[in-house]
Each structure stands twice: as C-alpha cells, then as structure tokens.
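Q: Following my numbering, the numbering of the sequence shown begins with 3 at its first residue and continues without gaps. Ideal Cβ placement from N, Cα and C applies to all residues, glycine included. My structure is below; once you've seen it, I'll send some questions.
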Amino acid sequence: MCGIIGYIGNKDACELIIAGLKSLEYRGYDSAGIAVAHSGKLEIRKAEGKIDSLIGKKLFENVAGTGGIGHTRWATHGAPSDENAHPHFDCTKTVAIVHNGIIENYTELRDELKSQKHKFISETDTECIAHLLEGKKDLFAALKELHKKLKGSFAILAISAHDNALYAIRESSPLIIGIAKDELIFASDVPAVLAHTNKVVILEDGDIVKAQDGRYEIYNAHAKNGVERKVRTIDWTYDMAQKGGYAHFMLKEIHEQGIAVRNALKSDIRAAVEFVKNATEIEVVACGTSYHAGLVFQYIMKGLTHKKVSAYIASEYPYTNCSSQGTVAIAISQSGETADTLNAVKIAKANGAKIIAVTNVIGSSLDRLADATCLLYAGPEISVVATKTFIAQLTVLYRIAFECIGKKGGLEEVANVIEDVLTKESEYKKLAQEMKDEEHFFFIGRGIAYPIAMEAALKLKEITYKHAESYAAGELKHGPLSLISDGIPVIAIAPKDETFQKTVNNLEECMARKGKGIAVSEQEIPKARLIRMPAVEAIYAPMVYIVPMQMLAYYIAVANGKDPDRPRNLAKSVTVE
Ligand code: AGP
Numbered sequence: 003m004c005g006i007i008g009y010i011g012n013k014d015a016c017e018l019i020i021a022g023l024k025s026l027e028y029r030g031y032d033s034a035g036i037a038v039a040h041s042g043k044l045e046i047r048k049a050e051g052k053i054d055s056l057i058g059k060k061l062f063e064n065v066a067g068t069g070g071i072g073h074t075r076w077a078t079h080g081a082p083s084d085e086n087a088h089p090h091f092d093c094t095k096t097v098a099i100v101h102n103g104i105i106e107n108y109t110e111l112r113d114e115l116k117s118q119k120h121k122f123i124s125e126t127d128t129e130c131i132a133h134l135l136e137g138k139k140d141l142f143a144a145l146k147e148l149h150k151k152l153k154g155s156f157a158i159l160a161i162s163a164h165d166n167a168l169y170a171i172r173e174s175s176p177l178i179i180g181i182a183k184d185e186l187i188f189a190s191d192v193p194a195v196l197a198h199t200n201k202v203v204i205l206e207d208g209d210i211v212k213a214q215d216g217r218y219e220i221y222n223a224h225a226k227n228g229v230e231r232k233v234r235t236i237d238w239t240y241d242m243a244q245k246g247g248y249a250h251f252m253l254k255e256i257h258e259q260g261i262a263v264r265n266a267l268k269s270d271i272r273a274a275v276e277f278v279k280n281a282t283e284i285e286v287v288a289c290g291t292s293y294h295a296g297l298v299f300q301y302i303m304k305g306l307t308h309k310k311v312s313a314y315i316a317s318e319y320p321y322t323n324c325s326s327q328g329t330v331a332i333a334i335s336q337s338g339e340t341a342d343t344l345n346a347v348k349i350a351k352a353n354g355a356k357i358i359a360v361t362n363v364i365g366s367s368l369d370r371l372a373d374a375t376c377l378l379y380a381g382p383e384i385s386v387v388a389t390k391t392f393i394a395q396l397t398v399l400y401r402i403a404f405e406c407i408g409k410k411g412g413l414e415e416v417a418n419v420i421e422d423v424l425t426k427e428s429e430y431k432k433l434a435q436e437m438k439d440e441e442h443f444f445f446i447g448r449g450i451a452y453p454i455a456m457e458a459a460l461k462l463k464e465i466t467y468k469h470a471e472s473y474a475a476g477e478l479k480h481g482p483l484s485l486i487s488d489g490i491p492v493i494a495i496a497p498k499d500e501t502f503q504k505t506v507n508n509l510e511e512c513m514a515r516k517g518k519g520i521a522v523s524e525q526e527i528p529k530a531r532l533i534r535m536p537a538v539e540a541i542y543a544p545m546v547y548i549v550p551m552q553m554l555a556y557y558i559a560v561a562n563g564k565d566p567d568r569p570r571n572l573a574k575s576v577t578v579e
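Structure below.
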C-alpha cells in the first residue's frame with residue numbers, strides 16, 4: 003500500500019527521497035509527494051501521478067535541504083488527487099507529515115479541529131494529524147500525546163520547519179530505520195534503505211522516535227521502562243532489488259524460482275515441526291497467493307499424515323469460531339504485514355493456538371507475533387504479484403509435512419526441474435501471443451492441482467485484467483459449464499496422479515461444448531493443446547506446473563501493453579483490512 007521514506011543526514015534530501023520513493027513504487031500507489039526543511043521553511047511538493055511523470059513535470063526541482071519526508075499514496079479516504087496526496091501540513095505550514103494506515107477516529111478529530119478553526123485542504127483521514135501537531139514546539143513530546151489520541155493503524159513521519167530533526171511514530175503499520183554513517187533513513191520497508199545500508203532497526207508498536215545529528219532516541223508508549231531496539235543486519239543487497247537485465251521484476255523473480263527452492267531448504271523449521279507434530283488440529287490462515295500455498299499444504303498434509311488441517315482465507319477466519327488449546331495456526335504471508343492475516347493470528351492466539359509464521363520478512367509483524375518462524379530466504383520480491391515467494395512457501399510447507407512422516411529428499415531435484423521448465427520460456431511466450439486477445443479464461447484442476455488452477459487464474463487476472471475463473475474440475479457440470487462456449491480457453495492442470503483421468507473427462511466435457519482445451523500435463527490429451535510438463539513425482543506437481551502459468555500470465559500482460567510489476571488497484575503489502 004502506501005510507501006514512506008524519510009531522510010536526515012548531510013546529503014541532498016530531495017534526491018535521496020525521490021530515489022527511495024522509486025524503490026517503493028512496487029507497493030502500488032496513485033500519487034506522490036515530498037516535504038524538505040530548509041532555512042526555517044518547509045518546501046512541500048506533491049501531486050497525483052507516477053513519480054517519473056512528476057519528475058517529467060519538474061515537480062521536484064529546486065528543493066534544497068538535508069532532512070525531509072516522502073510518500074507514495076494508495077488512496078483509502080478521498081480519491082487520488084493533488085490535494086489528497088501526502089505530505090499534509092498544518093494551517094501554518096510549519097509541520098508536515100506522511101502517514102501509512104488508517105485513522106479510525108478521524109471524523110471526530112476533524113470535527114473537533116474544525117471547531118477550533120483549523121482549515122482542511124484534503125478529504126483524507128491523515129490531515130488531522132498535521133493539525134493536531136500545529137504550534138507544538140517539541141514534536142517528540144507532541145507525538146507522545148498524539149499517540150493517545152489516535153485510533154487505528156499508523157506509521158507516521160513528521161518534520162518541522164524549526165529544527166533539523168525527523169520524528170516517527172508506529173502503531174500496527176511497518177516502519178524501519180536504516181542506520182548509515184551520519185545519516186538515518188526511515189522507510190516502510192527494507193528495499194527503500196538498501197542503497198544506503200543493510201543495518202536496520204525494526205520499530206515496534208508504540209515506538210516514537212526523534213532522529214537528529216545521526217542519532218536517534220526511542221520512547222515506547224506501551225512500555226513501562228525504557229526501550230532498546232537491536233540493530234539487525236539484513237542479508238538482502240541493493241542489487242537483489244534491481245531488475246538485473248530483465249524487462250520486469252516479475253520475469254526476474256519467475257526465473258529465480260529454482261534458487262528460491264534451494265534457499266528455502268535452509269530455513270530452520272525445527273520448532274515449527276515440533277508444534278505441528280504435537281498439534282491436535284492445524285489451521286492455516288493466509289490471503290491470495292499465500293492462501294493457495296496453504297491449500298496445497300492442506301491437501302498434502304492430510305494425505306501424508308491424516309491430521310486435521312483446515313486452510314482459511316484470513317479475512318473470513320474471524321467468522322469461523324475456530325482455534326483452541328492444542329491447535330497450531332500456520333500463518334503464511336510473504337510480507338508478514340498483511341492486516342487480514344495478522345488479525346486472524348491475533349484471534350487464534352487469543353484462543354490458545356500456537357502460531358507458526360511462514361514469511362519472507364524477518365522482524366515483520368507476523369514474525370514477531372509467532373511462536374516459531376520459518377523464513378523463506380527468497381530475497382526481496384519487488385513485483386506486486388507473488389511468484390518466487392509462492393514457490394518458497396511451498397518448499398517450506400512441504401518440508402514441514404515431510405518431516406512429520408520422516409520423508410527425506412526430493413525438493414533439491416524439484417529446483418532442477420523448475421529450471422528445466424524455465425528453459426521452455428519461448429514456448430510459453432508463443433502461446434501467450436496466440437491467446438493475447440482472449441477475454442475469458444477457465445482453469446480447472448482436482449486435488450493438489452485445484453489450488454494451482456486457482457493460483458494460475460489469480461496471476462492472469464491480476465496482471466492482464468482479463469476475466470479468469472478457476473474451478474474444481476468436478477464442479478463445472480454443477481453450473482459453470484453453462485459459461486463454456488465457442489473457443490473459450492479451458493486450461494486443465496492435469497498431473498499424472500489419481501485425479502488425471504477424471505480431469506481429462508472434465509476437459510473433454512468442455513471441448514464437447516466447443517471450449518478450447520489446453521492441458522498442462524506430462525501426457526497428451528486427445529484434441530487438447532498440450533503444455534508439456536516434465537515427468538515429476540505427482541506430489542511436486544504444484545511447484546512445477548505453476549511455472550508455465552506464471553509465464554503465460556506475464557507474456558499475455560506484456561502483449562497487451564500492461565505493466566506486470568504494477569497492476570492497477572493492487573498493492574504489494576496490504577496493511578488494511
Ligand atoms: C499475489 O500475487 C497477490 N499480490 C496477493 O494475492 C498476495 O498474495 C496477498 O495479498 C497476500 O500477501 P502476503 O503473502 O504478503 O500476506
């Protein structure tokens with residue numbers, strides 16, 4: 003969602019903030035802005051639009067100063083517009099703030115401030131924060147008071163015209179400090195600081211920070227005593243967050259999936275395995291692609307161990323009346339910051355469940371809430387759509403399931419098979435060219451292939467904006483078959499397992515109604531076009547068969563002139579419910 007950056011040091015703040023905002027573009031946004039302090043004044047520049055176009059319009063020219071804040075906004079309260087873009091400022095333009103999250107009590111705060119004659123310029127929930135800080139000589143003290151007034155989730159940076167300092171406050175929305183020599187960089191996530199440093203402090207809920215002269219001071223609104231936050235070294239590099247010669251991050255990340263499997267094999271899963279072995283029941287909570295990984299886990303874990311495993315869409319979990327002592331909840335989230343997943347985890351925890359986190363981000367909110375964390379080690383995933391983190395999630399989840407029954411090996415070979423599939427890129431590109439004008443797609447599968455049909459449809463709709471549906475293959479005849487007409491592509495995910503023949507039958511039913519049958523399989527299916535898969539033990543099919551589907555979605559998006567890395571309306575890290 004929104005991206006936050008702040009810089010205080012001895013270099014040109016504007017240039018560094020813009021570079022930081024560019025590295026946060028992947029989170030998804032509709033407007034951008036900066037505020038830089040210089041000679042007792044604040045220079046605020048902001049507008050609707052993408053950063054490159056705002057640079058083209060010379061919006062950020064002639065802004066001097068060595069301390070400032072910046073923001074990419076993903077609209078929640080108020081449409082994308084110049085006025086609603088951050089930073090927001092008070093009536094005197096001496097305090098500017100940027101904010102991620104939602105202020106839930108903003109209506110009453112706004113009414114109160116209006117009755118005190120504060121003039122509002124935007125429709126945002128955020129602007130009231132700037133007015134609440136108006137006229138405060140000591141912003142550090144003012145933020146402590148502010149914390150008591152605000153309800154909701156917030157990561158806020160504030161800057162004043164009157165001192166050479168930056169201020170921050172965090173509650174339920176991620177915020178880190180990058181620690182470099184004589185300079186401090188605040189950001190909503192790690193890629194934005196990698197150009198400066200890999201040493202970071204991950205702020206916690208209730209943290210209020212003053213940063214000045216290369217030093218920082220942290221007060222915590224919830225802690226009884228003082229706070230100490232450790233400086234962590236992140237093993238991500240600046241280069242990892244670059245395109246490295248690929249046209250898009252998505253394509254690069256698809257190609258990194260063999261490595262992603264190998265790196266996820268290094269994840270320490272011992273504590274998680276102990277919890278799972280001793281669990282009376284296992285619940286999985288996740289959203290989107292991570293939920294699909296959870297569904298695959300549900301199938302393989304039930305098949306291998308006969309344990310009770312239920313995967314839930316995290317936002318639906320609160321309505322299921324689940325969890326109790328003895329339950330283990332596995333929360334899957336590449337970002338570790340997805341609000342729906344965190345909310346489900348808090349409910350499960352309150353009901354007595356042990357929490358296992360499967361995440362790519364060390365120190366994320368999910369990591370900190372969990373009783374055991376399995377890190378993915380997938381490196382930064384910049385494209386909004388998840389690809390390599392999905393494969394890494396599956397690797398970790400398969401390992402947990404295999405450990406429960408003492409099964410060894412197999413996944414190293416899957417990494418090689420994925421790399422073999424990736425060598426067929428030109429075939430997938432050709433198929434995408436042929437299908438680029440189709441408007442409707444159906445994906446079907448049974449058993450472990452069903453979540454892959456779901457993930458394939460999600461990838462396609464996310465980045466091509468085309469209509470894609472996924473069904474359990476057996477469900478078609480219970481309704482959706484009426485949608486199949488002349489030439490509509492039906493893509494069957496058909497590994498050679500006990501589901502194969504039935505899936506073939508369901509594809510036949512579609513082709514009999516003039517649907518265009520396409521099979522992702524290692525075996526020919528009469529009359530259907532084949533996307534040939536290498537022979538692989540059937541249980542690994544989800545990890546291999548998804549790869550050509552990612553490629554197909556990617557090349558159809560590109561053929562239609564869409565940017566697969568930054569799909570409209572979507573954000574990488576969904577920090578609101
Ligand atoms: C995947 O391509 C999507 N961007 C989205 O469905 C994503 O998987 C979902 O929002 C969950 O994100 P998380 O893994 O960071 O929790």
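(1) Kindly list the residues whose CB is nearer than 8 Å to the CB of threonine 282, restricted to its own chain and excluding five residues on each side of it in sequence; keep chain order.
(2) May I ask you to list the residues that DSSP assigns as paired with isoleucine 36?
(3) Does DSSP put leucine 368 in a helix, in a strand, or in coil?
(4) May I ask you to report which of helix, strand or coil DSSP gives histidine 90?
(5) Mind checking asparagine 222: buried by the 16 CB within 10 Å criterion, or exposed?
(6) Can we say the segment 535–554 touches the segment 380–398, given the rule of at least three CB pairs closer than 8 Å?
(7) If you draw a straight line from the alpha carbon of isoleucine 36 to that of isoleucine 71, how long is it in whole angstroms?
(8) Looking only at its own chain, which residues have a Cβ that is under 6 Å from the Cβ of valine 203, when we skip the five neighbours before and after it?
(9) Any idea which residues DSSP pairs histidine 442 with across the strands?
(10) Cysteine 376 by DSSP, collapsed to three states: which one?
(11) Less than 8 Å separating the Cβ of alanine 559 from some heavy atom of the ligand AGP?
(12) Do we get a CB-CB distance below 9 Å when we pair alanine 77 with the residues of chain C?
(13) What first and last residue would you give for the beta strand (DSSP E) that runs through tyrosine 221?
(14) Can you name, in chain order, every residue of its own chain whose Cβ lies under 6 Å from the Cβ of arginine 264, other than the five neighbours on each side?
(15) Which residues count as close to the ligand AGP when the rule is a CB under 5 Å from any of its heavy atoms, in chain order?
(16) The beta strand (DSSP E) that contains glutamine 214, what's its start and end?
(17) CA-CA distance, histidine 480 and isoleucine 131?
(18) Closer than 7 Å by C-beta to threonine 96: which residues in its own chain qualify, once you throw out the five before and the five after it? Chain order, please.
(19) Quick one, are the C-beta atoms of alanine 496 and serine 472 less than 9 Å apart?
(20) Check whether the Cβ atoms of tyrosine 400 and serine 269 lie closer than 9 Å to each other.
(21) Please classify isoleucine 187: is it buried, with 16 or more other beta-carbons within 10 angstroms of its beta-carbon, or exposed?
(22) Could you tell me which residues DSSP puts in a beta bridge with serine 335?
(23) Whole angstroms are fine: how far does the CA of leucine 177 sit from the CA of lysine 13?
(24) Using only CA atoms, which one of Ile446, Tyr556 and Ala540 lies nearest to lysine 504?
(25) Does the distance from the C-beta atom of glycine 80 to that of isoleucine 10 stay below 9 Å?
(26) Name the two residues that bound the continuous alpha helix (DSSP H) containing leucine 253.
(27) Between asparagine 362 and leucine 196, what straight-line distance do the alpha-carbon atoms span, to the nearest angstrom?
(28) Determine the contact status of proline 491 and glycine 517, defining contact as a CB-CB distance below 9 Å.
(29) What residue does the alpha helix (DSSP H) around tyrosine 557 start on, and which one ends it?
(30) Hey, out of Ser117, Tyr108 and Lys138, whose CA is closest to aspartate 92's CA?
(31) Between which two residues does the beta strand (DSSP E) harbouring arginine 401 extend?
(32) Am I right that isoleucine 520 and isoleucine 486 are in contact with their C-beta atoms under 8 Å? What's the rounded C-beta distance?
(33) Which whole-angstrom value describes the C-beta separation of serine 335 and alanine 288, a residue pair presumed to lie in contact below a C-beta threshold of 8 Å?
(34) Could you tell me which residues DSSP puts in a beta bridge with glycine 489?
(35) Counting only the same chain and skipping the five closest in sequence on each side, list residues whose C-beta sits under 7 Å from that of leucine 23.
(36) Tell me which residues share the same chain as alanine 194 and place their Cβ nearer than 6 Å to its Cβ, disregarding the 5 neighbours each side in the sequence.
A: Quick answer:
(1) If you number the sequence shown from 1, residue 282 lands on position 280. These residues qualify, in order along the chain: Lys310, Gly328 and Thr329.
(2) Working through the sequence shown from its first residue, we reach residue 36 at position 34. BP columns for isoleucine 36 point to Arg47 and Gly72.
(3) In the sequence shown, the residue the question calls residue 368 occupies position 366. Reduced to three states, the DSSP call for leucine 368 is helix.
(4) To locate residue 90, count along the sequence shown from 1; it is residue 88. In the structure shown, histidine 90 sits in a strand (DSSP, three-state: E or B).
(5) The sequence position of residue 222 within the sequence shown is 220, counting from 1. So asparagine 222 ends up on the buried side.
(6) Because the criterion of three Cβ pairs below 8 Å is met, the segment 535–554 and the segment 380–398 touch.
(7) As a first step, residue 36 must be located in the sequence shown, where it is residue number 34. As a first step, residue 71 must be located in the sequence shown, where it is residue number 69. Computed Cα separation, rounded: 6 Å.
(8) On the sequence shown, position 201 is the one that residue 203 refers to. Only Ile179, Arg231 and Val233 meet the Cβ criterion.
(9) Residue numbering aside, residue 442 sits at position 440 when the sequence shown is read from its first letter. BP columns for histidine 442 point to His469.
(10) For the purposes of this step, residue 376 is taken as the residue at position 374 of the sequence shown. Strand, per DSSP.
(11) For this step, residue 559 is matched to residue 557 along the sequence shown. No, the ligand AGP has no heavy atom inside 8 Å of this Cβ.
(12) Given the protein chain composition of this structure (a single chain), no chain C is represented.
(13) As a position in the sequence shown, residue 221 is number 219, starting the count at 1. Looking at the DSSP string, the run of the beta strand (DSSP E) that includes tyrosine 221 is 217–222.
(14) Within the sequence shown, the letter at position 262 stands for residue 264. These residues qualify, in order along the chain: Ala417.
(15) This criterion selects Cys289, Gly290, Thr291, Ser292, Ser335, Gln336, Ser337, Thr340, Val387, Ala388 and Val576.
(16) Within the sequence shown, the letter at position 212 stands for residue 214. Glutamine 214: member of the beta strand (DSSP E) spanning 209–214, first to last residue.
(17) Counting from 1 along the sequence shown, the entry for residue 480 is found at position 478. Counting from 1 along the sequence shown, the entry for residue 131 is found at position 129. Going by the C-alpha atoms only, they are around 53 Å apart.
(18) As a working mapping, residue 96 is identified with position 94 in the sequence shown. Here the set comprises Leu44, Ser162, Ala163 and His164.
(19) Indexing the sequence shown from 1 puts residue 496 at position 494. Indexing the sequence shown from 1 puts residue 472 at position 470. No, these two residues do not count as a Cβ contact at 9 Å.
(20) In the sequence shown, residue 400 corresponds to position 398, counting from 1. In the sequence shown, residue 269 corresponds to position 267, counting from 1. Cβ distance not < 9 Å, so tyrosine 400 and serine 269 don't count as in contact.
(21) The residue labelled residue 187 in the question sits at position 185 within the sequence shown. Of the residues assessed, isoleucine 187 falls on the buried side of the cut-off, its CB having 16 or more other CB atoms within 10 angstroms.
(22) Reading the sequence shown from its first residue, position 333 is the one you call residue 335. Under the DSSP definition of a beta bridge, serine 335 partners with Thr361.
(23) Counting from 1 along the sequence shown, the entry for residue 13 is found at position 11. Counting from 1 along the sequence shown, the entry for residue 177 is found at position 175. The C-alpha of lysine 13 lies about 22 Å from the C-alpha of leucine 177.
(24) The residue labelled residue 504 in the question sits at position 502 within the sequence shown. Measuring from the Cα of lysine 504, the nearest candidate turns out to be Ile446.
(25) Indexing the sequence shown from 1 puts residue 80 at position 78. Indexing the sequence shown from 1 puts residue 10 at position 8. When the beta-carbon positions are compared, glycine 80 and isoleucine 10 stay at least 9 Å from each other.
(26) Counted from its first residue, the sequence shown places residue 253 at position 251. From DSSP, the alpha helix (DSSP H) with leucine 253 extends over 251–257.
(27) Residue 362 sits at position 360 when you count from the first residue of the sequence shown. Residue 196 sits at position 194 when you count from the first residue of the sequence shown. Take the alpha-carbon of asparagine 362 and the one of leucine 196: they are about 16 Å apart.
(28) For this step, residue 491 is matched to residue 489 along the sequence shown. For this step, residue 517 is matched to residue 515 along the sequence shown. The answer is yes: Cβ separation under 9 Å.
(29) Indexing the sequence shown from 1 puts residue 557 at position 555. Under the DSSP assignment, tyrosine 557 falls in the alpha helix (DSSP H) whose first and last residues are 543–561.
(30) Here residue 92 is taken as the residue at index 90 of the sequence shown, counted from 1. For the residues Ser117, Tyr108 and Lys138, the minimum Cα distance to aspartate 92 belongs to Lys138.
(31) Along the sequence shown, one-based indexing puts residue 401 at 399. Per DSSP, arginine 401 belongs to no beta strand (DSSP E); it is in the alpha helix (DSSP H), 390–407.
(32) By 1-based counting over the sequence shown, the position of residue 520 is 518. By 1-based counting over the sequence shown, the position of residue 486 is 484. At roughly 13 Å, the Cβ-Cβ gap does not stay under 8 Å, so isoleucine 520 and isoleucine 486 are not in contact.
(33) Here residue 335 refers to the residue found at position 333 of the sequence shown. Here residue 288 refers to the residue found at position 286 of the sequence shown. Taking 8 Å as the upper bound for CB-CB distance, serine 335 and alanine 288 are in contact here, some 6 Å apart.
(34) Counted from its first residue, the sequence shown places residue 489 at position 487. For glycine 489, which the question treats as bridged, DSSP gives no partner whatsoever.
(35) Locating residue 23 in the sequence shown gives position 21, counting from the first residue. Correct list, in chain order: Gly5, Ile7, Ala34, Ile53, Gly72 and Thr74.
(36) On the sequence shown, position 192 is the one that residue 194 refers to. Annotation for alanine 194: Ile7, Gly22, Ser25 and Leu26 place their beta carbon closer than 6 Å to its own, counting only its chain and skipping 5 residues before and after.
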